[in-house]
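In the working numbering, the protein residues as written are 356 to 697. Even for Gly, the Cβ is constructed at its ideal location relative to N, Cα and C. Since the model is a prediction, treat every value here as computed from it, not as a measurement. Below is one structure; the comments refer to it alone.
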Amino acid sequence: MFYLLFVCVVGVSADPPKGYVCGRASSPIVIDGKLDDKDWADASWTDEFVDIEGDKKPKPRFKTRAKMLWDDNYFYIAAQMDEPHVWGTLTKHDSVIFHDPDFEVFIDPDGDNHQYYEFEMNALNTGWDLRLPKAYKDGGPALNEWEIPGLKTGVHIEGTINDPTDTDKGWSIEIAFPWKALAEFTKVKSPPGDGDQWRVNFSRVEWQINRANGKYQKVPNTKEDNWVWSPQGVVDMHRPETWGYVQFTQGKASETSFKPDLAWPAKDWLHAAYYAQRAHIGKTKSFAKTLEELGFPLKEGLSDPKILVSEKGFEVEVTITPKTADPQTWRIEGDSRLTRVK
Numbered sequence: 356m357f358y359l360l361f362v363c364v365v366g367v368s369a370d371p372p373k374g375y376v377c378g379r380a381s382s383p384i385v386i387d388g389k390l391d392d393k394d395w396a397d398a399s400w401t402d403e404f405v406d407i408e409g410d411k412k413p414k415p416r417f418k419t420r421a422k423m424l425w426d427d428n429y430f431y432i433a434a435q436m437d438e439p440h441v442w443g444t445l446t447k448h449d450s451v452i453f454h455d456p457d458f459e460v461f462i463d464p465d466g467d468n469h470q471y472y473e474f475e476m477n478a479l480n481t482g483w484d485l486r487l488p489k490a491y492k493d494g495g496p497a498l499n500e501w502e503i504p505g506l507k508t509g510v511h512i513e514g515t516i517n518d519p520t521d522t523d524k525g526w527s528i529e530i531a532f533p534w535k536a537l538a539e540f541t542k543v544k545s546p547p548g549d550g551d552q553w554r555v556n557f558s559r560v561e562w563q564i565n566r567a568n569g570k571y572q573k574v575p576n577t578k579e580d581n582w583v584w585s586p587q588g589v590v591d592m593h594r595p596e597t598w599g600y601v602q603f604t605q606g607k608a609s610e611t612s613f614k615p616d617l618a619w620p621a622k623d624w625l626h627a628a629y630y631a632q633r634a635h636i637g638k639t640k641s642f643a644k645t646l647e648e649l650g651f652p653l654k655e656g657l658s659d660p661k662i663l664v665s666e667k668g669f670e671v672e673v674t675i676t677p678k679t680a681d682p683q684t685w686r687i688e689g690d691s692r693l694t695r696v697k
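Rendered as structure tokens:
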């Protein structure tokens, strides 16, 4: 039995995640890490990466940018990372790659915060592919047994790896994700249709190092840096609601406008309500049954907020009426699964 409650209060706001239009490659990309295929020249760079917490932290020490393309067989990702000292130690597949400097990709095809993919690689071209049924904060395990058949990766180093005696320019990577693998745990089309949007983010992990005894050594008692495309707000990549929007087009990306998610204000509000409910549970050991109990305002432009509570958990719903579209009702569940109700 659910309790249905209607409450109306006034609102909050937040900036939406980053957006990117991903154009179609005219021919298969050669995956060698060099970014010298003609189609890469036509693809735009993302904004430079920022600290994972966004404006709360200083600008990253080194520049990082990414590009994306696609065709009938692959979702292509490239990245370029400035780095005066390129190094890596891990050579075994499915090692915990972020113990080295690495580049990471996160993909949630249907944007429901569940059944998403993570891939990490280092400058030695060692990879770690895993799937999460749901985020760690919601009890989701990392399924390391998940593999990506047909995955292609390449690394190009502008300098010399693991040589502390010189100064490098950096390293670049290319990845080709087969659509067949990305389709395994989603109901949306893979490859996507023209105009479809997937939730994607990138992270670069960097460590502060010393050079001693002819080797690179991490500075003791120093945490890693986390630099990302679309900021998370906290040091946690496993918050898919903050990942960027990648919009796929059959045409040229330069001739296609990015279309903001009209439902974003509702989704943003629902995620905030989810976190408020979790905080309330942590404090009181019980579910709030009204927005007043949460001390939580309703955003302007939203209507019909509902909190549904049972012994097993909670759900929150809200309706948004965009100026150029029909009303949409969205729901978030207690394990952060986000779905459209109508």
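Tell me residue i's beta-bridge partners as DSSP assigns them.
| i | result |
| --- | --- |
| W425 | R379, F430 |
| A567 | K570 |
| M436 | T419, W526 |
| I324 | Beyond the ends of the chain as shown, which are 356 and 697, falls residue 324; an answer cannot be given. |
| K507 | A531 |
| F461 | E473, N556 |
| Y491 | Paired residues: none, contrary to the question. |
| L445 | Paired residue(s): none; L445 is not in a bridge. |
| G374 | Y600 |
| E561 | D580 |
| L498 | R486 |
| D406 | W582 |
Answer yes or no: do residue i and residue j have a C-beta to C-beta separation smaller than 8 Å?
| i | j | result |
| --- | --- | --- |
| G388 | V510 | yes |
| T577 | Q563 | yes |
| W553 | P547 | yes |
| V451 | W425 | no |
| I516 | W442 | yes |
| I662 | T674 | no |
| W379 | T604 | Checking the sequence shown, residue 379 turns out to be Arg, not Trp. Contact: yes. |
| D690 | P595 | no |
| R420 | E403 | yes |
| L479 | N499 | no |
| N468 | L693 | yes |
| P496 | R566 | no |
| N581 | V590 | yes |
| A531 | Y431 | yes |
| A433 | L487 | no |
| V296 | A628 | As shown, the chain starts at 356 and ends at 697. That puts residue 296 outside it, with no answer to give. |
| A617 | P660 | The displayed chain sequence assigns Leu, not Ala, to residue 617. No, the pair does not count as a contact, with Cβ atoms beyond the cut-off. |
| P456 | V560 | yes |
| W619 | F461 | no |
| I386 | T508 | yes |
| E438 | W501 | no |
| G374 | F613 | yes |
| Y472 | H593 | no |
| E579 | F474 | no |
| P586 | E459 | no |
| P533 | P371 | no |
How is the alpha helix (DSSP H) around residue i delimited, first residue to last?
| i | result |
| --- | --- |
| L537 | 534 to 537 |
| A396 | 393 to 397 |
Name the two residues that bound the continuous beta strand (DSSP E) containing residue i.
| i | result |
| --- | --- |
| W582 | 580 to 583 |
| R695 | 693 to 695 |
| F603 | 599 to 603 |
| Which runs of the beta strand (DSSP E), 3 residues or longer, sit entirely within the region 633 to 689? | Complete beta strand (DSSP E) runs here, min 3: 657 to 664, 669 to 675, 683 to 688.
| When the Cβ atoms of the region 643 to 659 are set against those of the region 616 to 626, are three or more pairs found closer than 8 Å? | As far as the Cβ criterion goes, the region 643 to 659 touches the region 616 to 626, which means the pair count is three or higher.
| request: Give a yes or no on contact between the region 601 to 616 and the region 396 to 416, applying the rule of three or more CB pairs nearer than 8 Å. | output: With a cut-off of 8 Å on Cβ pairs, the region 601 to 616 is in contact with the region 396 to 416, counting three or more such pairs.
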